[in-house]
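Before any comments, here is the structure.
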Amino acid sequence: MSTAILSFTKSASAAFLLALLLWLALLPKIVSAQEIEARTYSNAPIGINFLTAGVVQAKSGTYTLTSEVMSLTHIFDAGGQSGKLTLVLPYSQLTGSTSVGGSTVNASTEGLSDPLIKAAINLYGAPALSLDQFKNYQQDLIVGVSMTASVPWGKYNDSQIINVGANRWFVQPGIGASKAIGPWRFELAGAGIFYTSNTDFMGGNSLSQNPVYSTQTHAIYYFQNTAWLSVDATYFTGGQSYLNGAPISGNQENWRFGSTLSYPINRHNSIRLSASTGAYSRTNNNYDLIGLSWQYRFGGGL
5 MSTAILSFTK SASAAFLLAL LLWLALLPKI VSAQEIEART YSNAPIGINF LTAGVVQAKS
65 GTYTLTSEVM SLTHIFDAGG QSGKLTLVLP YSQLTGSTSV GGSTVNASTE GLSDPLIKAA
125 INLYGAPALS LDQFKNYQQD LIVGVSMTAS VPWGKYNDSQ IINVGANRWF VQPGIGASKA
185 IGPWRFELAG AGIFYTSNTD FMGGNSLSQN PVYSTQTHAI YYFQNTAWLS VDATYFTGGQ
245 SYLNGAPISG NQENWRFGST LSYPINRHNS IRLSASTGAY SRTNNNYDLI GLSWQYRFGG
305 GL
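Residue numbers are given in this note's numbering: position 72 of the sequence shown equals residue 76, and the series is strictly consecutive.
Shown next, in the form of structure tokens:
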């Protein structure tokens, strides 16, 4: 299979087709890794839990990735500052078709995608407080660190090029800060995404990728009823891909912009609407994303 794939890439159109296939193969992980997430470094009462269920849809050309996502977040005391631990379970469907050089590429796959484990620990400015203590808390400057890991438990078949599971790990360490000015919160964060190799790609081939480095910024406005609206931007660079050590794609360079609205229904429930789009992509792999979710808060004295 290794010789067949390397021979397949000798023509320009075939090389582009393979690059497209690899982009589609990695799309579920790209969407997860390039999530524009506001309020990673924020404070919340210790012991509070957030149960979230929603649907996210990403579109790139004629291809559509739809993910039904459930997550659970727990706020805990991390050495006197607040921290959060999140488990994300996505179920995804990828469909679409396109034509390159006279060849039609069809994609249709679904199943459990790779779960994510996220941890964020504030180092300064976000003291661990009970629900009663938190009522008097006023944010100034928060500084924190984070770590996200993708666990390769998703559905994967080494005989097909398009899968909802990536059959590889990634870890994403990050650092960020949040500054409060009146009803506004201004956030700036940076991260690096580091991948292991998929050594069982199309029957024993090795698919690897350079790290992707990113920065993201958010301007968040809080309304009096605790609803909030954010305007978001993120930049990614890096991520050149290799097949059996031979480069098959160039470095990514992406700008994305988006917005998120969170609106409380009552003390325990809220809904969230988010959307983002690719403003610039060096490798023509932009996608548009929209998501809708419901969140239930419990524990910690609520």
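Ideal Cβ placement from N, Cα and C applies to all residues, glycine included.
Beta-carbon proximity of K63 to D292, cut-off 7 Å:
yes
Tell me the DSSP secondary structure of S17 in three-state form.
Reliability fails at S17, whose pLDDT of 49 lies under 50, so the model's placement of it is uncertain and no value is given.
Would you kindly check if the distance between the Cβ of K122 and the Cβ of T152 is under 7 Å?
yes
Could you check which residue in V168, Y226, A193, R189 has the C-alpha nearest to that of G115?
V168
Mapping DSSP to helix, strand and coil, what is D136?
helix
Given 8 Å, three or more beta-carbon pairs between the stretch 207-216 and the stretch 235-247
yes
Any 3 or more C-beta pairs closer than 8 Å across the stretch 216-235 and the stretch 260-275
yes
Could you give the uninterrupted runs of the beta strand (DSSP E) lying entirely in the stretch 231-272, keeping only those of 3 residues or more?
You should have 232-242, 245-247, 256-268.
I want to check one thing, is the minimum distance from the CB of A82 to the heavy atoms of the ligand SAH below 6 Å?
Of the ligands one can find in the structure shown there are none, so the ligand SAH has no counterpart to examine.
By Cβ distance, which residues of its chain are closer than 6 Å to K183, with the 5 residues on each side in sequence left out?
If the five residues before and after K183 are omitted, its C-beta is found closer than 6 Å to the C-beta atoms of L145, F190, all from its own chain and listed in chain order.
Beta-carbon proximity check, G282 vs R260, cutoff 7 Å
yes
Is it true that the stretch 124-141 meets the stretch 40-51, where meeting means three or more beta-carbon pairs spaced less than 8 Å apart?
yes
Once the 5 residues before and after S278 are set aside, which same chain residues still bring their CB inside 6 Å of it?
T264, G295
How about L127 and A111: are their beta carbons less than 7 Å apart?
no
Using CA coordinates, which residue listed in G58, N258, A42, D162 is at the minimum distance from F205?
If you compare the alpha carbons of G58, N258, A42, D162 with that of F205, the shortest gap goes to D162.
In whole angstroms, what is the alpha-carbon distance linking G129 and N255?
37 Å
Beta carbon proximity, G304 to chain B, threshold 7 Å
No chain B appears in this structure, which consists of one protein chain only.
I125 beta carbon less than 7 Å from that of G87
yes
Taking only the alpha-carbon atoms, compute the straight-line gap between N202 and G186 and give it to the nearest angstrom.
47 Å
My parser needs the beta strand (DSSP E) runs of 3 or more residues fully inside the stretch 122-195; what are they?
Here the runs fully enclosed are 145-154, 174-185.
Could you give the distance in angstroms between the alpha-carbon of G158 and the alpha-carbon of L55?
21 Å
For the beta strand (DSSP E) containing T2, list its first residue and its last residue.
This structure gives no information on residue 2, because the portion of the chain shown stretches from 5 to 306.
Rounded to the nearest angstrom, what separates F198 and P94 at their Cα positions?
21 Å
Under the three-state DSSP convention, the category N202 falls into
strand
Pull up the distance between the alpha-carbon of V155 and that of L306, whole angstroms please.
32 Å
Grouping DSSP H, G and I as helix and E and B as strand, with all else coil, what is P94?
strand
Run the CB neighbour count on F302, radius 10 Å, all protein chains shown included, and call it buried at 16 or more, exposed below.
exposed
Can you give me the Cβ contacts of F80 inside the same chain, cut-off strictly under 6 Å, excluding the 5 residues immediately before and after it?
G87
Which residue or residues does DSSP assign as beta-bridge partners of A279?
S263, I294
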